Every structure is written in structure tokens, then in C-alpha cells.
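Protein chains in written order, with my numbering: chain U, 1244 to 1636; chain A, 132 to 252. From the three backbone atoms N, C-alpha and C, an ideal C-beta is built for every residue, glycine too. Values in this document were obtained by computation on a predicted structure and should not be read as measured data. Reviewing the structure listed below.
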Amino acid sequence: MQFNGYIRPDGSVGIRNYVLIMPVVSCMEGVAQAIAALLDDALVVSQEHGCLYGGNEQVGHGMVGIGANPNAAAVLLLGMGCESFTPSVIATPLEKTGKPVRVLSALKEGGIRRTFAKGLQIARELQDYAKSVQRQPADISALTVAVKCGGSDTSSGLASNPSVGQAADLLVDAGAKVLFSEPIEMVGGEAVLAARAATPEVAEDIRTLVAQEEKRWSIPGVKTEFMCMGNVLGGLTSIEEKSLGSILKSGSKPIKGVLPFNAQGLTKPTEAGLYIQEGTHWDPHAITHFAAAGAQIILFTTGFGACLESPLSPTIRVSGNPESIATVGDDIDVDASGIMLGTDSIEAVGERILAKILAAANGERTRVEGLNNVGFSFYNKDQRLEHFLGFSG
Amino acid sequence: MRKAIYMSPQDNVATLLEKAEAQETVTLLSKKNTPLGELVARNTIPYGFKMAVTDIPADTDILKYGVPIARSTRPIWQGEMVHIHNATSRRMEIPDQMKQEMLRELSLADSAHKGVTNDAV
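Following this line, the structure appears as C-alpha cells:
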């Protein structure tokens, strides 16, 4: 199976062709937005942390990952000039991808007004470069696809998640890489997942990953949202029930590894197959970290119709709830409700999801692409909390 | 006739594929859509919610997909809705203030209590 994508200097293949404007400190957010507003296909990669190096070093690895994502053609980094976490911390690893990376620091450039003028000029050059890259045939094995659920209800575990799992199996068979995460939504499902681990070491890594996440979200006195109002109003009673439905979207293939994402770095898959990527269940953060791990496309299942879009990696929404299809079906890319009505099969919906992946890879826009992009929200395990919980990662 | 899906032979709950009113008959279907039997709903059970297929004593595993998903917090009777008002996670309980908000939103769960006390059987 083939699609037409943008071949990057490192051999990776983009399905979109964005120029990224990346403020390294949030103080540069405004000028980044002002520059991006005057370009055709630019995204501002915001980070809300202000300065980094405050227990949030992991964010920097996420930013490098976003810049390296094949859907980005080129990157302009903006710093204020007083930060310890300088643009070069991001630029140096990004330059290894071979894609154009440019850096501006406001205090060196003579202030914000001059940074804007020079930044706009550079960004336009980067845009010209991006436009010079033409789509070329590539194999589906060049794709990394991440699977995520949000707004889960009972139909998620019965229809959309198993269908996405079917598509995940087809992708792995075709030589692609598939990522799933949301370790809190593995609580109660560890045995099922460990039984699918490729090796005993991977099984142990899965148990450790889930046990640590359970501890992070079980701190006395802290209101923690691992079951949202919508889940419970949708019929889900417990995290175990949510988990057992959630993990169905990973399909049935062996789990080749648990890829760490922490203050030391972001480990990406290097060969075909199914992987657990360390991360979170909160949708915007999860979508950002999947893009940082290299996913060009995200499959997003929803029960009651929660609808969000990753800015960098087009998001294909699948819902199996007939009521959601009737009300917000206009936003849904693949209708799996026939499974709930007994008129469609998981296999057939899985095939339609795969067809939709290829269409999106060829450039077809998803239903709300560009319309409801979530902000970039960088997943971060606060290193100070990790220390007190006794976790080293 | 309403339908509910019964995911695994070990399960003690089935999931409603359409809303059942109290006293309505519900057909249990296997994952392959084979009819397995009938039950009477004890209370109104919305689409996507679970119904006990047996009597379930207090502090007993609720089984779905063939594995424990929760434990009962009081006796649950065959045909009764099973949800956060009578069952809870064994791993991570929903923080109480959030749970109270959920129960308020689910006036269904409150009404499920009415007439389905232990004395009702």
C-alpha cells in the first residue's frame, strides 16, 4: 500500500508540510503568533511553562520531537535571550534531521519589533522551501499511527475501539508503526496487556508503567480525573471497565516495547510493530506527545462525540454511538455505529479506517482539520513529584 | 423487546444496547448476536449501562469481558442496573466530591435506588 508524501532529508515521510514557529519561552508567544498569522501553512508550537528547567525538562524533549515530526518541513525557534533553556537546546538535536532549523533571540536581534521583522523574513524563506518539496510515492510502512480515545462511553469498548484495533492490526501487518499510551487506562488491564508482551521484560515494563501511573493519580486529597463525568454518564462504572474497553484499540498484535518518555529523553520506535509509548490519557497532552513521538496520523475514538484535532498530525475520529452519529456525526470521520446496531462488523469498519488513513496520508483533510486544533500541550512528569514518589524515570 | 450484549460467559452483567424501562423484558445477546436468554429489567436502564444477570451479593466482583471491573457495594438483584451507586473500583475510587456530582447528574442512578431496596425482593 502506498501514498504520496513529503520525503524529508532524514528519510522520514510527512503527510503535511508545515513550517513550525516555536517559542522556546512563552514570553515569545505573541511574536510567534504574529509571524504565523502572515504565513500560509505555519503552526505555532506554544509551550505554557514559561522558562523550562523547573522540574519540566521533559517538555524540551517533547518540543524536539514535535520539530522532528515528518509533518514539519522546517522550524523557526524564538527565544527571548535571557533563558537558560536556550533555543540551541532544541536546535542542536533538530538539526540532525537535516531539515532547515533557524534560531532568533530577541535580545540579540534588538528587541521584539526587529525580531518580528527578521522572523517574518526567515519564516517566508522557510515557507518557500516547504513549498518546493513535492509529494512523492512512499510505502505505508513509513507511517507511525497513534491510537487514542476520548469521551469514552460503552460504545467505545464495543465498537470504535475494537474497530481501531482491527485497523492497528492491519497497519502492523503492512509494516507500519503503531503507538498507544494512556497508562492510567491500563489499570485493571495489565494482565491482558502483559499476556501480549513480546518478551517477559516487556511484560514487566508494562506492569511498572501502570503501577507508577496508578500511584501518581492516587495521591490522597487530590481530585484526579481518570474517570470524567462523561464516562460515568455514558455508563462506565470504574477505571477497570474503562481500561478494558480502552486497550481494545491497540488490536491484537504482540507489544514490542514500552518506549520511555521522561526528563532523560523521548524514545521513539525504530522498527515496525505495536508499542506502548509512555504518556498520558489527557487528550491534548496525549495528542501532542504522540506527534512528538513521530506519529503522522492519530486515530481518535469517541463515544459521546468529543471532537478534537491535533494541529500537526491529522486526527481521524471514529464513533460507534448511534446517538452521537445522529447529533455530531458531521464531525466524525468514520461511523462505527452499525456495529452497535448489528448492521456492520468490526472487520469492515477496520478496513474503512485503513482507507481513511491512506486518504488522509494523501492529503485529504479530516473532518475538523484546521478548525478545532488543540493547543500544543506538552506532557510533563514533574521531576520534583517523581523524586518524592521514588521514581527515577 | 430490548437487547443487551453479554460479553463473556463468566460475566455477571450485560450491557444494554437500547434503553429498557422498568419491567421490560431484555434479550441477552452474545458477541455474535446469538440470543442467550431473557431477563426483566428491575429499573429503567439507559443505553450503554449495565444490568445484573444474576443476584450479586455485596462486596463481590462485577465481571465484564470475563474479568473483574468493580466490586458491589451492596447486594444487587438480577435485572437491576449496576453503576457507581452500587459498585466501585477495586483499584482507584472516584474522588468523593466528583462522585456526588456524578450521582446528581445521574438522577437515573438515584431513581434506580427507589423500589430496589433489599426489602423489595
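It is roughly 41 Å from the alpha-carbon of U:G1324 to the alpha-carbon of U:L1517.
If the five residues before and after A:S161 are omitted, its C-beta is found closer than 7 Å to the C-beta atoms of Y137 and L167, all from its own chain and listed in chain order.
Restricted to the region 1355-1417 of chain U, the alpha helix (DSSP H) segments that are unbroken, complete and at least 4 residues in length are 1355-1375 and 1404-1416, listed in chain order.
By the Cβ-count criterion, A:M233 is buried, with 16 or more other Cβ atoms from all chains shown falling within 10 Å of its own Cβ. Excluding residues up to 5 positions away in sequence, I1568 lie with their Cβ nearer than 6 Å to the Cβ of U:D1578 in the same chain. By the rule that beta-carbons nearer than 8 Å mark a contact, U:T1480 touches chain A.
The beta carbons of A:N143 and A:V184 sit about 6 Å from each other, so the pair counts as a contact at 8 Å.
The Cβ atoms of U:Q1290 and U:F1619 lie closer than 8 Å to each other. Relative to U:L1479, the option among A:I193, A:T156, A:E155 and A:R173 whose CA is nearest is A:I193.
Interface annotation for the region 1407-1426 of chain U against chain A: empty, criterion Cβ-Cβ distance under 8 Å. Judged by their CB atoms, U:I1490 and U:M1429 are nearer to each other than the 8 Å cut-off. A residue is called buried once 16 or more other Cβ atoms fall within 10 Å of its Cβ, and U:E1521 is buried on that count.
In the DSSP assignment, A:A218 forms a beta bridge with A:S203.
Each residue's CA atom was taken as its position, placing U:P1336 and U:P1463 some 40 Å apart.
Assignment of beta strand (DSSP E) within the region 1283-1313 of chain U, counting only whole runs of 3 or more residues, yields 1285-1287 in chain order.
From the beta-carbon of A:G179, the residues of chain U found nearer than 7 Å are D1396, T1397, S1398, G1477 and G1478. DSSP, read as helix, strand or coil, puts U:D1574 in helix.
Measuring C-alpha to C-alpha distances from U:K1492 to each of U:T1531, U:P1405, U:L1263 and U:N1312 identifies U:P1405 as the nearest.
Within chain U, no C-beta atom comes nearer than 8 Å to that of A:V184; the closest sits roughly 15 Å away.
Along the region 209-223 of chain A, the positions whose C-beta sits under 8 Å from a C-beta of chain U are V213, H214, I215, A218, T219, S220, R221, R222 and M223, read in chain order. Going by DSSP, U:N1474 is part of no beta strand (DSSP E) but of the alpha helix (DSSP H) stretching over M1472 to L1476. Leaving aside the five residues that flank A:D190 on each side, the residues in its chain whose CB is nearer than 7 Å to its CB run, in chain order, R202 and S203.
With the rule of 3 Cβ pairs closer than 8 Å, the region 1348-1363 of chain U does not count as touching the region 1296-1306 of chain U.
DSSP, reduced to helix, strand and coil, places U:T1558 within a strand of the structure shown. In this structure U:G1537 touches U:T1387 by the C-beta definition: roughly 5 Å separates them, less than 8 Å.
U:P1313 is classed as buried because its beta carbon has at least 16 other beta carbons within 10 Å across all chains shown.
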